[in-house]
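Sequential numbering of the sequence shown, starting at 0, is according to numbering that gives the first Met the number 0.
Here is the structure we will look at.
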Amino acid sequence: MTEQEIKDQDLKYNLHSWSKQGNLNPIAVAKSEGIYFFDYAGKRYTDMSSQLVNLNLGHSNKEIVAAIKKQADQFCFMAPGYAVESRSTLAKMVIDLMPDNMGKVFFTNGGADANENAIKMARMFTGRNKIFSRYRSYHGSTFGAGNLTGEPRRYPLEPGIPGFIKFFDPYVYREAINFADEEAATAFYITKLREQVLYEGADNIAAIVMETITGSNGVIIPPKGYLKGVRKICDDYGIMMICDEVMAGFGRTGKMFAFEHFDVKPDIVSFAKGITCGYVQLGGVAVSKKIAAYFDDHTLLCGLTYSAHPLACAAGVAALKYYKDAHILENVEKVGKVLGELLEAFKMKHPCIGDVRYIGLFSALELVKNRQTKEPLVAYGQDPEGIMGGIIKKLIGKGFVTYSHENMIMVAPPLIITENQLQEAMTILDEVLYSVDKTI
């Protein structure tokens, strides 16, 4: 097929997610390698969002591809009830990466159904029905995960499932209160959360679910002590602490899991994306030894036809080996420091930037009309003039591929990126931000 035939057929028969379908113009991709992909004219694009913040080890990783081929030659599928080498190996590898309180893994197809099954397990284990999650969150778009989600992508699912309760993130940049320090912010947010827990009836709450670091809604990093404060609330009232590590997990923040930065041990961890880096779909739920033991004599009412798919597990085994063998965490620490320095420099010289937030190779730029008032470049949940879309289109036109959400631009490149590659790509972002400065 020609490039145009591919695009024409795509637009005729495919529905594209989160988009009005009438004026789409997708790039037809011819090949990809490392942090780059190429169209049919040979134009190179730098993947500065790791696709959907999942391609942690870049495109066309030979070790992962070889592992998938090897498993395919043995067999491609075996139902979840059978013991399979790639399945057994990956489960052990995941638990070995987790804190010492974790016991077993239930594999899923991706992040949304990982979160679906995480809350099911919490409800079965506790015998309670209410689930707390945050407004500035995205946990997936299936019915249960969509009800966990707090931002506008949950609206088509409403009226939602009874018992799903929302609370606010510790979003210090946009808080009306001028806190003395991070600890003061933590004290405020934890006090409000504890109060809400009591008013909802602590004995009715099965779990508090959080993206450890809020992802697409702005890379919101919790202030010092916040996650420990949530852990204390959970311990006081027998509530399960669920950390959604779908986006932040597997090296994205410089640790294998983001909660490691905050010295807490969750009861349940949902994950996906970076475990196979998108080469085959896979997600999962890791549960504590206590929860795992509960299901020794209570039926686990969870099941998926493609749970722990052998091809996906083979890809996962290869990916986890590669993280270690290629010293990916060390690269994230080194290059992530450069990314942070560049973002701080951008903030100093571009008046359109209100805030930059970053940890490892996980970052967002928050664009504003006015730094003093912090008025966002586009109103919450609205962009009728397509301002953010226009900025992203300019970036892509120059070969810098990422996405925006509300007034945020994500910068989350593959974890294999070098300092030189990062510098080259960020020059493009710098150029485009100058054009945004002129509009405010």
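The beta-carbon is built from N, C-alpha and C at its ideal position, and this holds for glycine as well.
Candidates Lys30, Tyr198 and Ser48: closest to glycine 41 by CA position: Locating residue 41 in the sequence shown gives position 42, counting from the first residue. Comparing Cα-Cα distances from glycine 41 to each of Lys30, Tyr198 and Ser48, the minimum goes to Lys30.
Cβ-Cβ separation, asparagine 406 to leucine 342 (assumed contact under 8 angstroms), whole Å: In the sequence shown, counting from the first residue as 1, residue 342 sits at position 343. In the sequence shown, counting from the first residue as 1, residue 406 sits at position 407. Not confirmed; about 16 angstroms, so no contact.
Beta-carbon proximity check, phenylalanine 105 vs isoleucine 204, cutoff 8 angstroms: As a working mapping, residue 105 is identified with position 106 in the sequence shown. As a working mapping, residue 204 is identified with position 205 in the sequence shown. No; because the gap between Cβ atoms is not below 8 angstroms, this pair is not in contact.
Residue burial classification, alanine 111 (beta-carbon count within 10 angstroms, cutoff 16): For this step, residue 111 is matched to residue 112 along the sequence shown. Flag for alanine 111 reads buried.
Beta-carbon proximity of phenylalanine 258 to leucine 226, cut-off 8 angstroms: Walking along the sequence shown from the start, residue 258 turns up at place 259. Walking along the sequence shown from the start, residue 226 turns up at place 227. Against a cut-off of 8 angstroms, the Cβ pair of leucine 226 and phenylalanine 258 comes out as a contact.
Best match in Arg230, Gly248 and Gly159 for proximity to glycine 214 [C-alpha to C-alpha]: What you label residue 214 is simply residue 215 of the sequence shown in a count that begins at 1. Out of Arg230, Gly248 and Gly159, Gly248 has the C-alpha closest to the C-alpha of glycine 214.
Short CB-CB distance (under 8 angstroms) between proline 383 and chain D: Absent here is chain D; the protein component of the structure consists of one chain.
DSSP-derived helix/strand/coil call for alanine 378: Mapped onto the sequence shown, residue 378 falls at position 379. Of the three classes helix, strand and coil, the one that applies to alanine 378 here is coil, per DSSP.
C-alpha distance - alanine 378 paired with methionine 387, whole-angstrom precision: The residue labelled residue 378 in the question sits at position 379 within the sequence shown. The residue labelled residue 387 in the question sits at position 388 within the sequence shown. So the alpha carbons of these two residues sit roughly 11 angstroms apart.
Residue from Asn114, Lys289, Val218 and Ile416 with nearest C-alpha to arginine 356: Taking the sequence shown and counting its residues from 1, the one referred to as residue 356 is at position 357. For the options Asn114, Lys289, Val218 and Ile416, the alpha carbon positioned closest to that of arginine 356 is the one of Val218.
Given serine 362 as reference, the closest of Pro169, Lys336 and Val263 once Cα atoms are compared: Sequence index remark: in the sequence shown, residue 362 carries index 363 (1-based). Closest by alpha carbon: Lys336.
Residue environment, glutamine 280, which counts as buried when at least 16 other CB atoms sit within 10 Å: Position 281 of the sequence shown holds residue 280. The residue is buried, with at least 16 neighbouring Cβ atoms inside 10 Å.
Own chain partners of isoleucine 290 with C-beta closer than 6 angstroms, once the 5 adjacent residues on each side are dropped: Numbered from its first residue, the sequence shown carries residue 290 at position 291. Closer than 6 angstroms at Cβ, skipping near neighbours: Phe124.
Extent of the continuous alpha helix (DSSP H) run through leucine 394: As a position in the sequence shown, residue 394 is number 395, starting the count at 1. Note, leucine 394: alpha helix (DSSP H), 386-396.
Sub-8 angstroms separation of glycine 253 and alanine 113 beta-carbons: On the sequence shown, residue 253 is found 254 positions in, with the first residue counted as 1. On the sequence shown, residue 113 is found 114 positions in, with the first residue counted as 1. Not closer than 8 angstroms, so no.
Cα-Cα separation, asparagine 108 to asparagine 24: Here residue 108 refers to the residue found at position 109 when the sequence shown is read from its first residue. Here residue 24 refers to the residue found at position 25 when the sequence shown is read from its first residue. Looking at the two C-alpha atoms, the distance is approximately 29 angstroms.
Cβ neighbours of isoleucine 63 in the same chain (closer than 6 angstroms, five flanking residues each side left out): Your numbering for residue 63 matches position 64 in the sequence shown. Tyr278, Ala314, Ala317 and Ala318, listed in sequence order.
C-beta atoms of methionine 209 and arginine 122 nearer than 8 angstroms: As a first step, residue 209 is located in the sequence shown; it is residue number 210 there, counting from the start. As a first step, residue 122 is located in the sequence shown; it is residue number 123 there, counting from the start. Result no, Cβ atoms of methionine 209 and arginine 122 do not sit closer than 8 angstroms.
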